[in-house]
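Chemist: Residue numbers (my numbering): 575 to 1068. Heads up, the beta-carbon is just placed ideally off N, CA and C, and yes, glycines get one too. Just passing along the structure, written as structure tokens.
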Amino acid sequence: MKSTQNNSEYSKHFYQRNWLKKLMEEDRLEEECGVFGVYSPDNIGTFSLAQFGMFALQHRGQEAAGISVLKDGVIRTFKSEGLVLDVFKQIEPVEDFQGNAVIGHTRYTTAGGMSKKNIQPLYAVNYFGKPHFSIVHNGQVIETEALKEKLTEEGLPFLATSDTEVILRSIQKHAKDPVEVAIRKGMKPIRGAYSILLLTDNSLAAFRDPNGIRPLCIGKLDEKTFVFSSETCALDAVGAEFLRDVEPGEIVVADKDGLHSYSLGQPTKSRICSFEYVYFARPDSNLQGTEIYDLRVKSGKKLYEQSPVDADVVIGVPDSGVPSAIGYSEASGIPFEPILVKNRYMSRSFIVPSQKLRERIVNLKLNPIRAKIKGRRVVILDDSIVRGTTSKILIRILKEAGAKEIHFRSASPPVVSPCHLGIDMPDKKDLIAANMTKKELTEYLGVDSLDFLSVDSLIEILGSKNYCFGCFTGHYPVEKRIKETETYQKKIEY
């Protein structure tokens, strides 16, 4: 083949990590993981149940996945980088992973880095070198350095770099106690957000932090078989009936005698993450009695009440912006049309030699039906604005398609503060709403008008203040003892 300068230029800029993926994720907050588990005193189809349940939670983490299965009193673990179905294809023989209990994890990195050693489940071995319990964790715990140092001095080995291993070793220290006692003692020095499943040689325990910041629910397949999941959509995937949520500060143990409830022994208050409702959870899930789809439709209706505009069409950025766009349409009478088309079959690698082309390939992910845009006044709704990069490019695409006016509405309040409780989020200096006034941001995006759902409106939709609004307000249910100095902070009014 004839070589050209162009080919050489493309070769120099070939990246294994897809530039499009990175670009599109810049304006998205990412959840760190999903957890799923099943316990039965009898042998059941743990391999298939875990596969179906974890596939339903794929949106909560796409970097890696893994399972631990209890079979004949022995815990076996398999984990790897990749999507759920890709990881399950590597498991063989399948018979080794057909037992009576299983826990599974879908991972998106927030603490500890993307090392293979940090892929969950993580497990602890006994004196005979056999795993005696295994753990999966959704959340993020903070300021663990002193505890890690203390546990290391006491002879507990650290093989990974994640916060989850600190939890694992802290519980392992009390492994001779009954599981609920080991959890209670082990979690006493731990601060932060955690929804955890712990598999032992005869039980499966589920527990949440005292604020219940990350979700965790319980279902049942039959009178003896119990299912635990980050979201109810995974219960639906395996045909389980929803029972209830694990309460903040509660330990629930499933064993051959059924379900048992214990307390972590710490003061509790319900402060689940509000962004779970706005963005993270699947629209077909129910979190603590709230239907996610209905809430997002309400957010769109509230946005119109708060910020009406005359327009010809309402569109939503797929997928998470669509329910709020439908709500805005219903409240305003402006027709909703699904005219942003999402390509769901993206390649993992792109040859992208320039920033201009990196931006242009956003069209591969989202492309408008141009005939439905040209000459029309458009209201576009998205779940949030983080860095603003993708929003700006999307606005330019709509202008190129001939939009007469563009009015941008965010179905969440301005994201002005980074999260240390389980969301992969940029530093404050990279959060565009923390560093621009609304007028400046309107000009930066190039839109005719811009508005965000207010914090008060979000509280009204949720029905109470008993949520974490940290990324919108800077106030968290668990504060860091040592706060970073903010030399760039700017007073913003929205």
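(1) By alpha-carbon positions, which one of F910, L733, K759, H706 ends up nearest to D775?
(2) Run through DSSP, which three-state label would L597 get?
(3) DSSP state of V1029, grouped into three classes?
(4) For S903 and R918, I'd like the C-alpha separation in whole angstroms.
(5) Residues bridged to R650 by DSSP?
(6) Would you check if the stretch 841 to 850 and the stretch 893 to 900 touch, i.e. whether three or more CB-CB distances between them fall below 8 Å?
(7) Exposed or buried, L1005, counting other C-beta atoms within 10 Å across all chains shown (16 or more means buried)?
(8) For a quick check, are the C-beta atoms of S898 and G863 less than 8 Å apart?
(9) Run through the DSSP bridge pairs and tell me what Q714 is partnered with.
(10) Run through the stretch 789 to 846 for me and flag every whole alpha helix (DSSP H) of 4 or more residues, listed as ranges in chain order.
(11) What does the Cβ neighbour count give for E974, buried or exposed, with the cut at 16 atoms within 10 Å?
(12) Taking R743 as the reference, which of A779, M761, K948 has the closest Cα?
(13) Return the CA-CA distance between D783 and V1052, expressed in angstroms with no decimal places.
(14) Looking at N712 and G673, is the spacing between their C-beta atoms short of 8 Å?
(15) In three-state DSSP terms, what is K916?
(16) Along the chain, where does the alpha helix (DSSP H) containing V658 start, and where does it finish?
(17) Three or more C-beta pairs closer than 8 Å, one from the stretch 975 to 994 and one from the stretch 1003 to 1023: is that the case here?
(18) Determine the DSSP secondary structure at T1011, reduced to helix, strand or coil.
(19) Which residue or residues does DSSP assign as beta-bridge partners of N860?
(20) Am I right that L1027 and L861 are in contact with their C-beta atoms under 8 Å? What's the rounded C-beta distance?
(21) With DSSP as the reference, label D775 as helix, strand or coil.
(22) Count the other CB atoms, across all protein chains shown, that sit within 10 Å of the CB of T806; report buried if there are 16 or more and exposed otherwise.
(23) Mind reading off the beta-carbon distance from V812 to V801? Whole number of angstroms is fine, and I expect it under 8 Å.
(24) Helix, strand or coil for C1045? Go by DSSP, reduced to three states.
(25) Going by DSSP, which residues form a beta bridge with E979?
(26) Would you mind giving the Cβ-Cβ distance between F910 and V883, rounded to the nearest angstrom? I have them listed as a contact below 8 Å.
(27) At which residues does the beta strand (DSSP E) containing L897 begin and terminate?
(28) Verify whether the separation of the beta carbon atoms of S965 and I959 is less than 8 Å.
(29) Rounding to the nearest angstrom, what Cα-Cα distance links L771 and G793 in this structure?
(30) When DSSP labels each residue in this structure, what does N692 get in the three-state scheme?
(31) Pair every Cβ in the stretch 634 to 649 with every Cβ in the stretch 661 to 679, then say whether three or more of these pairs are closer than 8 Å.
(32) Give me the Cα-Cα distance between P731 and E666, rounded to the nearest whole angstrom.
(33) Tell me whether G627 sits in a helix, a strand or coil according to DSSP, three-state version.
(34) Nearest to K1002 by alpha carbon, out of G656, R961, E879, I1035?
(35) I want to check one thing, is the minimum distance from the CB of R918 to the heavy atoms of the ligand ADP below 7 Å?
(36) In whole angstroms, what is the alpha-carbon distance linking L773 and E727?
Modeler: If we stick to the structure as given:
(1) Walking along the sequence shown from the start, residue 775 turns up at place 201. Measuring from the Cα of D775, the nearest candidate turns out to be H706.
(2) Translated into positions along the sequence shown, residue 597 becomes position 23. In this prediction, L597 scores a pLDDT of 44, lower than 50, which makes its location untrustworthy; no coordinate-derived value is stated.
(3) Counted from its first residue, the sequence shown places residue 1029 at position 455. Reduced to three states, the DSSP call for V1029 is helix.
(4) Working through the sequence shown from its first residue, we reach residue 903 at position 329. Working through the sequence shown from its first residue, we reach residue 918 at position 344. Straight-line spacing of the CA atoms in S903 and R918 works out to 25 Å.
(5) Residue mapping note: residue 650 aligns to position 76 of the sequence shown, counting from 1. Bridge partners of R650: V643.
(6) no
(7) As a working mapping, residue 1005 is identified with position 431 in the sequence shown. L1005 comes out buried.
(8) On the sequence shown, position 324 is the one that residue 898 refers to. On the sequence shown, position 289 is the one that residue 863 refers to. The answer is no: Cβ separation not under 8 Å.
(9) Position 140 of the sequence shown holds residue 714. Per DSSP, A767.
(10) 806 to 812
(11) The residue given as residue 974 occupies position 400 in the sequence shown. Counting other Cβ atoms within 10 Å of its Cβ, E974 stays below 16 and is therefore classed as exposed.
(12) By one-based count along the sequence shown, residue 743 stands at place 169. In terms of CA proximity to R743, M761 leads the group A779, M761, K948.
(13) For this step, residue 783 is matched to residue 209 along the sequence shown. For this step, residue 1052 is matched to residue 478 along the sequence shown. Looking at the two C-alpha atoms, the distance is approximately 10 Å.
(14) One-based indexing of the sequence shown puts residue 673 at position 99. One-based indexing of the sequence shown puts residue 712 at position 138. Not closer than 8 Å, so no.
(15) Against the sequence shown, residue 916 aligns to sequence position 342. Three-state DSSP puts K916 in a strand.
(16) Walking along the sequence shown from the start, residue 658 turns up at place 84. Element bounds for V658: 658 to 663.
(17) These segments touch.
(18) Within the sequence shown, residue 1011 is the residue found at index 437, counting from 1. Coil, per DSSP.
(19) For the purposes of this step, residue 860 is identified with residue 286 of the sequence shown, where counting begins at 1. Paired residues: E865.
(20) The residue you call residue 1027 lines up with position 453 of the sequence shown. The residue you call residue 861 lines up with position 287 of the sequence shown. Not really, about 18 Å apart at Cβ, beyond 8 Å.
(21) As a first step, residue 775 is located in the sequence shown; it is residue number 201 there, counting from the start. If DSSP states are grouped into helix, strand and coil, D775 belongs with coil.
(22) Taking the first residue of the sequence shown as position 1, residue 806 is located at position 232. Burial call: buried.
(23) Locating residue 812 in the sequence shown gives position 238, where the first residue counts as 1. Locating residue 801 in the sequence shown gives position 227, where the first residue counts as 1. In this structure V812 is in contact with V801, their Cβ atoms being roughly 6 Å apart against a cut-off of 8 Å.
(24) The residue labelled residue 1045 in the question sits at position 471 within the sequence shown. Three-state result, C1045: helix.
(25) Translated into the one-based positions of the sequence shown, residue 979 becomes position 405. In DSSP, E979 forms a bridge with R951.
(26) As a working note, residue 910 is residue 336 in the sequence shown. As a working note, residue 883 is residue 309 in the sequence shown. That belief does not hold up - the Cβ atoms of F910 and V883 are roughly 14 Å apart, past 8 Å.
(27) If you number the sequence shown from 1, residue 897 lands on position 323. For clarity, residue 897 is Pro in the given sequence; the question names Leu instead. First-last for P897: 896 to 906, but that is the alpha helix (DSSP H), not the beta strand (DSSP E).
(28) Here the question's residue 965 lines up with position 391 in the sequence shown. Here the question's residue 959 lines up with position 385 in the sequence shown. It is a contact, given that the beta carbons lie within the stated cut-off.
(29) For the purposes of this step, residue 771 is taken as the residue at position 197 of the sequence shown. For the purposes of this step, residue 793 is taken as the residue at position 219 of the sequence shown. The straight-line gap from Cα to Cα measures roughly 14 Å.
(30) What you label residue 692 is simply residue 118 of the sequence shown in a count that begins at 1. Looking at N692 - three-state DSSP - the assignment turns out to be helix.
(31) yes
(32) Residue mapping note: residue 731 aligns to position 157 of the sequence shown, counting from 1. Residue mapping note: residue 666 aligns to position 92 of the sequence shown, counting from 1. Between P731 and E666, the C-alpha separation is close to 29 Å.
(33) Here residue 627 corresponds to residue number 53 of the sequence shown, with the count starting at 1. Note: G627 maps to helix in three-state DSSP.
(34) For the purposes of this step, residue 1002 is taken as the residue at position 428 of the sequence shown. Cα-wise, what sits closest to K1002 is R961.
(35) Among the components of this structure there are no ligands whatsoever, and the ligand ADP is therefore not found.
(36) The residue labelled residue 773 in the question sits at position 199 within the sequence shown. The residue labelled residue 727 in the question sits at position 153 within the sequence shown. Cα to Cα, L773 sits roughly 26 Å from E727.
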